[in-house]
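Chemist: Position 159 of the sequence shown, counted from 1, bears residue number 158 in numbering that gives the first Met the number 0, the numbering being contiguous throughout.
The beta carbon of each residue, even a glycine, is placed where N, CA and C say it ideally should be.
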Amino acid sequence: MHKLRAWFATRAGQELAERESRLLSRRLAGLYARRVLQVGAYGGGRCPTVYGDARQWVLDDWPGGPIDLQAQSEVLPLASSSVDVVVLIHQLEFTDRPHQVIREAARVLAPEGHMLVMGFNPLSLWGLRRLMAPKGAQPPWGGRYLGPWRVADWMQLLGLTPRPHEGLALLPPVPDRLRRRQAPSRVVYGQSLGAGLRWLAGVNLVMGQKRVGGVAPPAARWHQRLELIPGGLTEAGARHARRDQWHDAG
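#1: With DSSP as the reference, label V100 as helix, strand or coil.
#2: K134: buried (16+ other C-beta within 10 angstroms of its C-beta) or exposed?
#3: Assuming contact is defined by CB atoms lying nearer than 7 Å, are A32 and V85 in contact in what I supplied?
#4: Could you pull the start and end residues of the beta strand (DSSP E) that L36 belongs to?
#5: Skipping 5 residues on each side, what residues in its chain have a beta carbon closer than 7 Å to that of F314?
#6: Cutting at 8 Å between CB atoms, please list the residues of its own chain near G126, excluding the five before and the five after it.
#7: Secondary structure at R162, three-state DSSP: helix, strand or coil?
#8: Between which two residues does the alpha helix (DSSP H) holding F7 run?
#9: I'd like the list of long-range same chain contacts for E226, defined as Cβ closer than 6 Å, with 5 residues on each side in sequence excluded.
#10: Go to D59, then tell me how far its beta strand (DSSP E) extends in each direction, as first and last residue.
#11: Pull the bridge partners of M114 from the DSSP assignment, please.
#12: W153 lies in the alpha helix (DSSP H); which residues open and close that run?
#13: Quick one: what does DSSP say A109 is sitting in, helix, strand or coil?
#14: Which residues bound the alpha helix (DSSP H) around A28?
#15: Thinking G207 and R162 are a contact (beta carbons under 8 Å), I'd like their distance in whole angstroms, please.
#16: Hey, could you find the ends of the alpha helix (DSSP H) G42 is sitting in?
#17: So what's L68 in DSSP terms, helix, strand or just coil?
#18: Could you compute how far the alpha carbon of Y41 sits from the alpha carbon of V211?
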C-alpha cells in the first residue's frame, strides 16, 4: 500500500484523490455519520476528504504517517459495531485477503451503518491499461481490480444491502512527464459518470447498508468514544493516535 500512497502523491494521483474525496463527501452528506472510520490514507497529506461534523479517524499501516491509527486493514483494532460509517480507500485491490478486509469492515460497522468502498474497475480503460502493464508493475497498475458487482455480492453475503454504484474517471491518467503543466483535471477525470457510463468507469464507489432488525435509534446508540480492542494497536499506532479522540470531551 505504501507504493499506492506514493502514486497518490503524484499530480495524477492528487487529482484522482480530489475527485474521489468530493464524491465521498457528497454521499456522506446524506448519511447519519457521527463516527467515520477511513481505512487507507491518500498520499501527500492527512486526507482531503471532508465529512462535515462527523468525527473521523484515518487508519493505515503507515509508520509515521498523517494518520490516527496504525494497523492493517485485515485486522482492525476496533470493537464490533463501534462506528457508523466505514470508508475503504482502494483496500481490496492491493491485498491478498480482500474477503477478510471487507469482513472486518462489516464487523466494526454498527447496525444500520454504511460501508463505502472505493476501487478500480477491471472492465474499464483503466483495467485494460492494467492488463498491458508488465508483471510486478507499480500501483495503481499492479493491483487486482474487483468489479462493483463482485463487491456488492460480498456485501450481501455479509448482511449489507448494496445501493447502485457510482463511477469516476472514464479515461486513465496521463503520466506526469507527458502532461501539459496547465492541463485541467477535468480532462483527465471528468465529473461523476451517469448510469449509462458508470459500468465503464475506471473508479467505482460501491455503497452498502448494514440492515439489522430491532436496532436502537442512532441517538440512543452512540457515545463520543471510539472503542478500541486492548492490545490491538501497534506501538507506533498508539503513539500516533490522538488521545483526545478516544475519550469523551471534557
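Modeler: Straight from the coordinates:
#1: Start at 1 with the first residue of the sequence shown, and residue 100 comes out as number 101. Note: V100 maps to helix in three-state DSSP.
#2: Within the sequence shown, numbered from 1, the residue matching residue 134 stands at position 135. Result: exposed.
#3: Here residue 32 refers to the residue found at position 33 when the sequence shown is read from its first residue. Here residue 85 refers to the residue found at position 86 when the sequence shown is read from its first residue. Not in contact: A32 and V85 (Cβ atoms no closer than 7 Å).
#4: Within the sequence shown, numbered from 1, the residue matching residue 36 stands at position 37. Looking at the DSSP string, the run of the beta strand (DSSP E) that includes L36 is R34 to V38.
#5: Since the first and last residues shown for the chain are 0 and 249, residue 314 lies out of range.
#6: In the sequence shown, residue 126 corresponds to position 127, counting from 1. Correct list, in chain order: F119, N120, Y144 and G201.
#7: On the sequence shown, position 163 is the one that residue 162 refers to. Of the three classes helix, strand and coil, the one that applies to R162 here is coil, per DSSP.
#8: As a position in the sequence shown, residue 7 is number 8, starting the count at 1. Start and end: H1 to F7.
#9: Counted from its first residue, the sequence shown places residue 226 at position 227. If we look at E226 and ignore the five residues flanking it on each side, its Cβ neighbours are A78 and S81.
#10: Against the sequence shown, residue 59 aligns to sequence position 60. Run containing D59: R54 to D59, per the beta strand (DSSP E) assignment.
#11: Locating residue 114 in the sequence shown gives position 115, counting from the first residue. Answer is V85 and G207, bridged to M114.
#12: Translated into positions along the sequence shown, residue 153 becomes position 154. It spans P147 to L156 - the alpha helix (DSSP H) in which W153 sits, taken as one unbroken run.
#13: Against the sequence shown, residue 109 aligns to sequence position 110. A109 falls in the strand class under three-state DSSP.
#14: Counted from its first residue, the sequence shown places residue 28 at position 29. Note, A28: alpha helix (DSSP H), R10 to A28.
#15: Counted from its first residue, the sequence shown places residue 207 at position 208. Counted from its first residue, the sequence shown places residue 162 at position 163. Confirmed, about 7 Å.
#16: On the sequence shown, residue 42 is found 43 positions in, with the first residue counted as 1. Element bounds for G42: n/a, residue is neither H nor E.
#17: Translated into positions along the sequence shown, residue 68 becomes position 69. Strand, per DSSP.
#18: Taking the first residue of the sequence shown as position 1, residue 41 is located at position 42. Taking the first residue of the sequence shown as position 1, residue 211 is located at position 212. Computed Cα separation, rounded: 32 Å.
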